[in-house]
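In what follows, a single structure is set out as structure tokens and then discussed.
Residue numbers (the working numbering): 24 to 486.
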């Protein structure tokens, strides 16, 4: 199992690699590569019942497989590939649904009622008592909520466009399951959250009565040892409310579990930066407007996690430079490409809004600065932008190209000026515009606007 680390072919079935590979290739418009990855993995490493050919399952990652497949469809509208592989895709969804059905047989008073139990980490196979980890990690359900909903939307759309009523009904069933599971998840989060001062804590296993750091210091084999993965899956799922994300992040930061903005792994106070999972942490920060923390995570990963010269990334890296890092790991390699892409264009999984330049560094819009990106894949279609700073005139001009959409989703352009000043006025295609947040620098563009759009924002003069 461990002789060759990630150099061995036995690791080709690692779910994290599939999910991050597909997500990053889709995010950067490399759709032909994403298609090959999807076909290779689903044909060779997934069985019709949803089980995978690997040393162990990661239950949350099953839900994420559905999410990244939905992202692939949103970018490509490639129904043929998904229809060809529908037996395997349905197998993944049905495996999760079966585990949820099992949990619904529990007493309503049981903390795990309605939640999906299962291993959080494939490495549970290495433990002395693997069955101990078959528990309701909250992230198992949060990832399934998003996966069910997004893949359900895809099957509904494919079914309508290809006259396949069975696909429409299956997609609708997944979305109903997502809504019911999310309600059960929120109840479990409310019941599980520990609110003692000075820092509230959300344990990662439903009903756990103590924080992860307390649990694993008492018993190194406690299921909350895998909190490093579960927390990052919770943030990536997009299911949590802002205050829930703040609870997780604040507790981790105050208990040496986030260092230099990067979450750590493998126990309490390990000093081991979990680069390969940190994109999930960053995703939750960005979704809930924690931009300073988001940028710190990105900068720290760039400076400390990647190997200088070769720009390769190990799975984890210890803060102590005299201790060797873990082996090279594809998911870690793709973290910075993902986080850079999201700072430029971010599809909010809950509101369905498209955010442009939500987390770009303020320094990029010093006078004369330009932010430019062409053909960025988004849920709405390919988007282009060119943002020019004329800061000496207290003005920033953005030229956007937005594809038409028949949906109500709006786009939100964020102008992170080099100095925090409020917007005084906005013109859109030369006409006065009032739908903006002056203090936050956000300009809201409804879905009815498409094609080339010129946005001019004037800022109040400094003191």
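Think of the CB as a built atom: it goes at the ideal place given N, C-alpha and C, for glycine as much as any other residue.
Just so we're clear, the structure is a prediction, and the values are computed from it rather than from any experiment.
Note that the region 416-435 touches the region 472-483; at least 3 beta-carbon pairs, one per stretch, sit closer than 8 angstroms.
A straight line joining the alpha-carbon of residue 459 with that of residue 155 spans about 52 angstroms.
Using a Cβ distance threshold of 9 angstroms, residue 160 and residue 227 count as a contacting pair. Taking all protein chains in view, the Cβ of residue 178 is crowded by 16 or more other Cβ atoms within 10 Å, so the residue is classified as buried.
Secondary structure in the region 348-417: the beta strand (DSSP E) runs of 3 residues or longer, each lying completely within the stretch, are 368-370, 377-379, 393-401 and 404-413 in chain order. In the DSSP annotation of this structure, the continuous segment of the beta strand (DSSP E) that includes residue 466 starts and ends at 465-468. Annotation: residue 437 is outside any alpha helix (DSSP H); the continuous beta strand (DSSP E) that includes it extends over 434-437. For residue 171, the enclosing alpha helix (DSSP H) begins and ends at 161-184. For residue 455, the enclosing beta strand (DSSP E) covers residues 454-456. Around residue 281, the same chain offers 275 as residues with beta carbons nearer than 6 angstroms, after the five sequence neighbours per side are excluded. Taking the Cα positions, residue 354 is about 26 angstroms away from residue 376. Annotation: residue 182 to residue 130 spans about 37 angstroms, alpha carbon to alpha carbon. Take the alpha-carbon of residue 418 and the one of residue 482: they are about 6 angstroms apart. Secondary structure at residue 451: strand, using DSSP grouped into helix, strand and coil. A residue is called buried when at least 16 other Cβ atoms come within 10 angstroms of its Cβ; residue 373 does not meet this threshold and is exposed. For residue 296, the secondary structure class from DSSP, reduced to helix, strand or coil, is strand. Cβ-Cβ distances below 7 angstroms link residue 212 to 161, 225 and 267 in the same chain, with the five nearest sequence neighbours on each side left out; the list follows chain order.
Between residue 384 and residue 439, the alpha-carbon positions lie close to 7 angstroms from each other.
Burial is judged here by how many other beta carbons sit within 10 angstroms of a residue's own beta carbon; residue 393 has fewer than 16 and is exposed.
For the pair residue 185 and residue 54, the Cα-to-Cα distance works out to about 22 angstroms.
By the criterion of at least three beta-carbon pairs nearer than 8 angstroms, the region 83-92 is in contact with the region 169-178. Taking a 10 Å sphere around the C-beta of residue 242, we find fewer than 16 other C-beta atoms and assign the residue as exposed.
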